[in-house]
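Heads up: the protein sequence lines correspond to chains B and V, in order.
Numbered according to the working numbering, the first sequence spans residues 150 to 452.
Numbered according to the working numbering, the second sequence spans residues 53 to 398.
Think of the CB as a built atom: it goes at the ideal place given N, C-alpha and C, for glycine as much as any other residue.
None of the values given here were measured: they were computed from a predicted structure.
Only one structure is covered here, and it is reproduced in the block below.
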Amino acid sequence: MCPLPLRSYDVRLESEMNQPLDFNRLLRLKPVAKVFKSEITGVIRLTEMEKLFHIRIIDDAERERFSFLPGQFVMLEVPGYGEVPISISSSPSNKGYIELCIRKAGTVTNALHRAHRGAKVGIRGPFGTNFPLERMEGQSILLIAGGLGLAPLRAPIFHVTENRSDFRDVHILYGTKDPDQLLFDYQYEEWRRIDDVNIQVIVEQANDSWKGPVGLITKLLDNVTIDPNGTYAIVCGPPVMFKFVCGQLSQMGIPMDRMFVSLERRMHCGMGKCCRCNVGDTYTCTDGPVFDYWSVINLKEAI
Amino acid sequence: MLFKILSKDGFRSLVEIILQSNEIIAPKKIGTKADGDPIHQFLPVTSFEEMDLDYRTTEYSAKTYFLPYRENLCTFDFEADDWEQKIAYRMQPRAIIGLRAFDINALTKLDKVFSKGRFPSPYYISRRKNTFIVGIDREPLEDEFCQSIGADIVTHGFDLFMTDLGDRYFVAVDSDRGFNLLNRVDVREVTDEDTQAYKEVRKRIQNGFKTKINLSNLPNLLDLEFTSEVWKKWGDKCLSCGSCAMVCPTCYCYGVSEEVSMDFKEGARVKQLYSCNLLDFARVAGGHNFRPDQETRLKYRYYHQHRGFLEDYDEPKCVGCNRCGRVCLAGISPAAVIRDLYEENV
């Protein structure tokens, strides 16, 4: 009896395929579409448009294994609606759950905004590069965010405030259009009370109750004195903000490869395959989302 | 590389052996064009006679058998407040017979993206390893520029690769399953006479490439000509239909969306091939589009083909089959666009 001419190949028998999922370790073949089943354990209303979701991976072993670095993102799956890339807003030292700050913008996020605690979602990840905070140790650090940019910036803020003695001067600058859009406004006071952390908040249009400064985020930089040789900057926000803020930081003498920004694209895979986040030869999902500003201005039409 | 000589009858029995228990995909004539040229496509065949190995070209590439236009990445079973995710990979082996050298080179390029690197795709690998590939060489069409791009010769990525020597095939064997299958039919060792005949045929094929394009320094040129009027000239013609990516043997970008059954009991995460020329390719949440006009999207298509891919994998993504040039409703041909870039024809 002759054997069958063509034998079946079962990809699941590949030994690498059977190792536990961990996207942060460089391992080969994986069931890459598998999600960690998770539960929304809490929802916090931030503004009209944004909510903060506390998400816990249900399986104990998977939760134990999950870890991320500030600046990375996860793919958040809402079965039946879709999957979206969301940057992680919580502290990397927080082991129990992650926090995702999500603006109501499309199908998936609208569905999420209707979800209550207990709802089951899936996460894949974490993906992407991180802010190189270990390189910034011993140096001063400027954390600058505009609008929704505070969501990705919150992870490095937590890291810096939790390890305050590893850094010299710490400045947190945040600006939005109007006071109603301020995210995490209940936390500024907490950060302000940390000894030797300078936090300043500015809005473009004040309302009656606003007591703080009014203007663009670059205005806050005028009040900040830095040592250009020992300062790193992390800038998160809309692309237009990068040009102005990083331009001004350049004038203040900070080298462009010491400014880090987080780019936004609509990723569909997170693994450098779907090309949706492709800019020239760069994939925002695997080569980014965190880039130093020098790389960004060398990437044509990146911002 | 091992070489064997396979008689035409031997090839027929080889096909019949595979057909006994497996599906075969091969070029099949499906109609005739207005000018009398036959139309061929890679489709499942049920008998040896249905295959037409003398085909000129196929309208679509065989990409769909590795990267289907639509594919379920996973399914969800919904129950009460909970759901269960299920993932399935392809298990059935099949054979594709009649791929040209450039189509096999296209697969080796896809291999670099999908089976190597940090996140190899089990979906692609399961399809690739379950596919037995028999290639065949022939003289090129006039508009194919595979030679300029270096994709006219294939050295790996197949199981068997045949060259027609008139009454017999000269076969290169690149896998043990190909070797074992070959041993079940009428096959013999290569003689000097065969080698001589093979060299003649190869020479004829190599001299058959009439379209030549200059690719030296192209990646650099693409950077220099980033704001060139050439992009406007060709971009204005582009209809943003995405046909080029549809027929391209190496275009692999995709979108992912989800579907739910009418009874809300099942859902699926569906991957669908996309095109960088489609309007919403680079649109993000909130409505901002990073590439709002045809000109930029067309430019990025060439960028990915000849610069971005090259930077990552040291070779262009294009194989020079010119399927995109033939299918384009607006008459945009890659050879003409690249020539215009060199000569600054605006």
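*Would you mind listing the alpha helix (DSSP H) stretches within the segment 106 to 187 of chain V that are 4+ residues and don't spill past its ends, in chain order?*
With a minimum length of 4 residues, the continuous alpha helix (DSSP H) runs that stay inside the segment 106 to 187 of chain V are 153 to 166, 174 to 181.
*Listing by chain order, which chain V residues have their CB less than 7 angstroms from the CB of E413 of chain B?*
In chain order: V336.
*asked:* Within the continuous beta strand (DSSP E) that includes A320 of chain V, where are the two ends?
replied: Boundaries of the beta strand (DSSP E) harbouring A320 of chain V: 318 to 325, taken from the DSSP string.
*Would you tell me roughly how many angstroms separate the C-alpha atoms of V322 of chain V and C126 of chain V, rounded to the nearest one?*
Going by the C-alpha atoms only, they are around 8 angstroms apart.
*What does F184 of chain V reach in chain B if we use C-beta pairs closer than 9 angstroms?*
Simply P154, L155.
*What is the DSSP secondary structure of P301 of chain B, counted as helix, strand or coil?*
Assignment of P301 of chain B by DSSP, reduced to helix, strand and coil, places it in the helix class.
*Counting contacts by CB-CB distance shorter than 9 angstroms, is T348 of chain V in contact with chain B?*
It does: the Cβ of T348 of chain V has a partner Cβ on chain B nearer than 9 angstroms.
_Reference I149 of chain V; option with closest CA among V:A334, V:R343, V:S99_ = Selected option, being the one with the closest Cα: V:S99.
*Give the secondary structure of R415 of chain B by DSSP, where H, G and I count as helix, E and B as strand, and everything else as coil.*
R415 of chain B carries a coil assignment under DSSP once its states are collapsed to helix, strand and coil.
*Report yes if the CB atom of L403 of chain V is closer than 9 angstroms to the CB atom of I185 of chain V, and no otherwise.*
Past the boundaries of the shown model lies residue 403 of chain V; chain V is included only from 53 to 398, so the question cannot be answered.
*Does the segment 416 to 426 of chain B come close enough to the segment 393 to 401 of chain B to have 3 or more Cβ pairs within less than 8 angstroms?*
Taking 8 angstroms as the limit for Cβ pairs, the verdict is that the segment 393 to 401 of chain B does not touch the segment 416 to 426 of chain B.
*asked:* Spatial neighbours of S242 of chain B within its chain, please: C-beta separation below 7 angstroms, excluding the five flanking residues on both sides.
replied: Result list for S242 of chain B: E311, in chain order.
*the segment 305 to 327 of chain B: which residues have C-beta closer than 9 angstroms to a C-beta of chain V, in chain order?*
Listed in sequence order: no entries.
_Using beta carbons (cut-off 9 angstroms, strictly below), is R64 of chain V in contact with chain B?_
Taking 9 angstroms as the CB threshold, R64 of chain V stays off the interface with chain B.
*Distance between R179 of chain V and G271 of chain B (C-alpha atoms, nearest Å)*: G271 of chain B and R179 of chain V: Cα-Cα distance of roughly 26 angstroms.
_Proximal residues of chain V, C-beta to C-beta of M420 of chain B below 7 angstroms_ = Residues of chain V with a Cβ closer than 7 angstroms to the Cβ of M420 of chain B are, in chain order, F171.
*Using a C-beta cutoff of 9 angstroms, does Y352 of chain V count as contacting chain B?*
At least one CB atom of chain B sits nearer than 9 angstroms to the CB of Y352 of chain V.
*Tell me, please, which residues DSSP counts as bridged to F202 of chain B.*
Bridge pairing for F202 of chain B: B:V192, B:L249 [DSSP].
*Bridge partners - T325 of chain B, DSSP secondary structure assignment*: When DSSP reads this structure, T325 of chain B sits in a beta bridge with B:V352.
*Reference I257 of chain V; option with closest CA among V:C198, V:P301, V:K289, V:W286*: Comparing Cα-Cα distances from I257 of chain V to each of V:C198, V:P301, V:K289, V:W286, the minimum goes to V:C198.
*What residues are listed by DSSP as bridge partners for C385 of chain B?*
Partner residues in the beta bridge of C385 of chain B, as assigned by DSSP, are B:A294.
_For I251 of chain B and V257 of chain B, the rounded distance between their alpha carbons_ = V257 of chain B and I251 of chain B have their C-alpha atoms spaced approximately 10 angstroms apart.
*Can you tell me the Cα-Cα spacing of R262 of chain B and V192 of chain B, whole angstroms?*
It should be pointed out that residue 262 of chain B corresponds to His in this sequence rather than to Arg. Spanning the two alpha carbons is a distance of roughly 9 angstroms.
*Per DSSP, A224 of chain V is paired with what?*
V:F55, V:F213.
_Residue burial classification, T207 of chain V (beta-carbon count within 10 angstroms, cutoff 16)_ = For T207 of chain V, the number of other beta carbons within 10 angstroms of its own is below 16, and it is reported as exposed.
_With the cut-off set at 9 angstroms, would you say K60 of chain V and R220 of chain V are in Cβ contact?_
A contact, by the Cβ cut-off of 9 angstroms.
_Against chain V, with Cβ distances strictly below 9 angstroms, would F172 of chain B count as a contact?_
So yes, F172 of chain B belongs to the interface.
*asked:* Within a Cβ cutoff of 6 angstroms, which residues of the same chain sit near M150 of chain B, ignoring the five residues on either side of it in sequence?
replied: Low confidence applies here, because M150 of chain B scores a pLDDT of 49, under 50, leaving its location unreliable and the question unanswered by this model.
*Identify every residue that forms a DSSP beta bridge with Y306 of chain V.*
In the DSSP output, where bridge partners are listed per residue, Y306 of chain V has V:L325.
_Helix, strand or coil for Q221 of chain B? Go by DSSP, reduced to three states._
When DSSP states are grouped into helix, strand and coil, Q221 of chain B belongs to the coil group.
_Contact list for M166 of chain B against chain V, beta-carbon separation under 8 angstroms_ = Chain V residues near M166 of chain B: P174.
*Beta carbon proximity, P386 of chain V to chain B, threshold 9 angstroms*: Chain B places no beta carbon closer than 9 angstroms to that of P386 of chain V, leaving this residue out of the contacts.
*Hey, how far is the Cα of A132 of chain V from the Cα of K317 of chain V?*
A132 of chain V and K317 of chain V have their alpha carbons spaced roughly 9 angstroms apart.
*Taking 9 angstroms as the CB-CB limit, is G386 of chain B close to chain C?*
Looking for chain C here will not work: the only protein chains present are B and V.
*Would you list the one or two residues that DSSP bridges to L95 of chain V?*
Beta-bridge analysis with DSSP links L95 of chain V to V:A78.
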